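Residues -23 to -1, 1 to 149 in mature numbering (1 follows the signal peptide of the UniProt record, and there is no 0) are what the sequence shown spells out, letter by letter. This report concerns only the one structure given below.
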Amino acid sequence: MRACAWFVVVAVAGLLASTAGLRADGSGDPAPASSDDGKYLDKAGNPTFRIAPDGTVDWYTSIGYIRYTANCLQCHGPDGLGSSFAPSLVDALKTIDYGRFIDIVTNGKKNVDTSQELVMPSFGDNPNVMCYIDAIFVYLRARSDGALGRGRPQKNDPRPPGYSATEDACMG
Ligand code: HEC
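As structure tokens, this is what we get:
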């Protein structure tokens, strides 16, 4: 029964995503509506990316690339494209919203089927991930949305004035 109900939720989410329009991902329209010390938010208040016409990415997207590469690439593959160990996050973020993303990274996820056992570790007590979780999200959101190509972003906005103090406070 539970598996059945879960499937219905996924099917409905997929339907919503497919009717939401072209420039939208699992979190909706990614267009920045506001910003706070270099972090951009969409109109729903979820973290988003901002990429200038010349390819310059916001600070958080560039940090997200670095942190993704250090903590997630080993399973989810280069540039979020997936590997034999774990699914593509470029695909996953087309349907998973910000809240679901935070939940999965914080608490982990386990999928047991007959052929293989896939485990997403929980990172909730790992500051190297949790202090950068919004950055990792916006990087993957930009990848999922097709706004950012493969590899390291070549140009990025300067470090926001309050960034280092916030980072130090989080890392303890
Ligand atoms: C040790 C390997 C491993 C590492 C490291 C890892 N993951 Fe995962 N992740 C997995 C596996 C395996 C799954 C699939 C679990 C499932 O299907 O239930 C998964 C699933 C996910 C999902 C859900 C995808 C979906 O389609 O439902 C998200 C989001 C995710 N991981 C994000 C991350 C992020 C962000 C990082 C880095 C901070 C990370 N993962 C690091 C193995 C890993």
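In this text, a Cβ means the ideal position worked out from N, Cα and C, and glycines have one as well. Here the structure is a predicted model, which is why all the values come from computation and not from measurement.
- Beta-carbon gap between Phe26 and Arg118 smaller than 8 Å: As a working note, residue 26 is residue 49 in the sequence shown. As a working note, residue 118 is residue 141 in the sequence shown. One thing to note: Phe26 has its Cβ within 8 Å of the Cβ of Arg118.
- Task: Using alpha carbons as the reference points, say which of Val96, Asp35 and Gly85 lies closest to Asn103.
- Result: Locating residue 103 in the sequence shown gives position 126, where the first residue counts as 1. The candidate whose alpha carbon is nearest that of Asn103 is Gly85.
- Task: Specify whether the region 73 to 80 and the region 31 to 41 touch according to this definition: at least 3 beta carbon pairs, one from each stretch, less than 8 Å apart.
- Result: Contact annotation: the region 73 to 80 does not touch the region 31 to 41, with fewer than three C-beta pairs closer than 8 Å.
- Message: At a threshold of 7 Å, does Lys71 count as lining the ligand HEC (C-beta to nearest heavy atom)?
- Response: By 1-based counting over the sequence shown, the position of residue 71 is 94. No, the ligand HEC has no heavy atom inside 7 Å of this Cβ.
- Query: Taking the alpha carbon of Ile110 as the point to measure from, which residue in Thr46, Gly126 and Asp68 has its own alpha carbon closest?
  - Reply: Reading the sequence shown from its first residue, position 133 is the one you call residue 110. The option with the nearest alpha carbon to Ile110 is Thr46.
- Within the present structure, is the beta-carbon of Leu66 separated from the nearest heavy atom of the ligand HEC by less than 7 Å? Working through the sequence shown from its first residue, we reach residue 66 at position 89. For the ligand HEC, at least one heavy atom lies less than 7 Å from the Cβ of Leu66.
- With a CB to CB cut of under 6 Å and the five nearest residues on each side skipped, what residues in its chain are close to Lys16? Taking the sequence shown and counting its residues from 1, the one referred to as residue 16 is at position 39. Contacts found: Tyr37.
- Task: Give the single residue among Asp13, Asp14, Ser12 and Gly22 whose Cα lies nearest to the Cα of Asp6.
- Result: Residue mapping note: residue 6 aligns to position 29 of the sequence shown, counting from 1. For the residues Asp13, Asp14, Ser12 and Gly22, the minimum Cα distance to Asp6 belongs to Gly22.
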